[in-house]
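Residue numbers (my numbering): 2 to 318. Below is one structure, written out as structure tokens, with a few remarks after it.
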């Protein structure tokens, strides 16, 4: 059950971190934001690592490669494609496409490891996906996205772009490009989970060490993308309070959340861990309720549906 609780913990901390980001971060280049927060997380992990016993014990080279590849694919390529999807189709549609991550993880895990979860767990994954879709659809009118960090402005920008495109075919091309980015992002996220699970199954890495290695490899690839891309880079001017809250968000979203993720992968299958972490919108919904927002009955039904699915996933594994 440790892996189950860790997966749920990752979903909760991710939702809370992005809630903090969305309320304390002025518009920022998304790729630069990803890089800066990742570097900050690396520094925090570097401070914690010396206090861990045998952080980097002798390990076959293969597992080092798998762990680094999981960072490059999941953090570097995956996040970059995710941002590209949001720029073209907006946060809501991207979040809906994100529900593909769990089935992708199950399929890749089956091909990679040669075995699969039970049919009851697959039914649970499907029910979780349905529940998340209901919740995200009910949240589409929110100005801020509690799950997707700083990219609220991109939803507005996307509308402006589509309004300025007179050629219908060109508008359709933008939409198609966004959907392809989203599918690619979910595939990379799923593959990164499976590769990370493979490395952790060796028993050589503790979750903090594996988180550190993944972040270093991932942010190195992001740095290459930043240097080679033509994306405009701008850093917002923020108050001390905003910077402090940003640091709290980094601690929750880039450190504790990633540690929970790796802990979950260490104790359970990749597709189970991914499904548990995909419940992040449910925790975002709870945060909205805490802020005094009215939660619709459909959102409540979606949350209960996802909860039932999680129970089936856990019991069917």
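Even glycine gets a Cβ: it sits at the ideal position worked out from N, Cα and C.
Query raised in the report: Can you tell me whether residue 66 is buried or exposed, with buried defined as 16 or more other CB within 10 angstroms of its CB?
Result: Residue 66 is exposed by the Cβ-count criterion.
Query raised in the report: Can you list, in chain order, the residues of its chain whose CB lies under 7 Å from that of residue 265, leaving out five sequence neighbours each side?
Result: 4, 7, 8, 11, 274 and 277
**Report entry** Stretch-stretch touch, CB-based, cutoff 8 Å, three pairs: the segment 51 to 65 with the segment 204 to 212
**Finding:** Short answer: they touch.
Requested in this report: Starting from residue 298, trace the alpha helix (DSSP H) both ways and give me its first and last residue.
Outcome: 298 to 317
Requested in this report: Kindly confirm or deny that the segment 216 to 227 and the segment 68 to 75 touch, where touching means at least three C-beta pairs closer than 8 Å.
Outcome: yes
Query raised in the report: Leaving out five residues before and five after residue 36 in sequence, what residues of the same chain have Cβ atoms less than 7 Å from its Cβ?
Result: 220, 223, 224 and 227
Requested in this report: Taking only beta-carbon positions, decide if residue 75 is within less than 7 Å of chain C.
Outcome: Of the protein chains in the structure, only one exists, and it is not chain C.
Query raised in the report: Does the beta-carbon of residue 177 have 16 or more other beta-carbons within 10 angstroms, so that it is buried, or is it exposed?
Result: exposed
Report task. Tell whether a beta-carbon distance below 7 Å holds between residue 101 and residue 187. Result -> yes
Report task. Sort 251, 139 and 85 by Cα distance to residue 299 and report the nearest one. Result -> 139
Query raised in the report: If we call anything under 7 Å between Cβ atoms a contact, is residue 42 one with residue 267?
Result: no
Report task. Please confirm whether residue 15 and residue 281 have their CB atoms less than 7 Å apart. Result -> yes
Requested in this report: Round the Cβ separation of residue 132 and residue 304 to the nearest angstrom and send it over; I've been treating them as touching at under 8 Å.
Outcome: The Cβ separation is near 7 Å, so the contact holds.
Query raised in the report: Between the Cα of residue 269 and the Cα atoms of 198, 260 and 77, which residue gives the shortest distance?
Result: 198
Report task. With a 10 Å radius around its C-beta and 16 neighbouring C-beta atoms as the bar for buried, classify residue 44 as buried or exposed. Result -> exposed
Query raised in the report: Does DSSP put residue 211 in a helix, in a strand, or in coil?
Result: helix
**Report entry** Distance CB(residue 259)-CB(residue 212) smaller than 7 Å
**Finding:** yes
Query raised in the report: Are the beta-carbon atoms belonging to residue 250 and residue 34 less than 7 Å from one another?
Result: no
Query raised in the report: By Cβ distance, which residues of its chain are closer than 6 Å to residue 302, with the 5 residues on each side in sequence left out?
Result: none
Query raised in the report: Roughly how many angstroms lie between the CA atoms of residue 291 and residue 179, to the nearest whole one?
Result: 33 Å
**Report entry** Minimum length 4: unbroken alpha helix (DSSP H) runs contained in the segment 10 to 79
**Finding:** Given a length threshold of 4 residues, each whole run of the alpha helix (DSSP H) inside the segment 10 to 79 is given here in chain order: 31 to 49 and 62 to 72.
Query raised in the report: Quick one: is residue 46 buried, meaning 16 or more other Cβ sit within 10 Å of its Cβ, or exposed?
Result: It is buried - the Cβ of residue 46 has at least 16 other Cβ atoms within 10 Å.
Report task. Taking only heavy atoms of the ligand SAH into account, decide whether any of them is closer than 6 Å to the Cβ of residue 261. Result -> In terms of ligand content, the structure shown is empty, and the ligand SAH therefore cannot be addressed.
Query - Neighbour-count burial assignment, residue 115, 16 or more Cβ in a 10 Å radius - result: exposed
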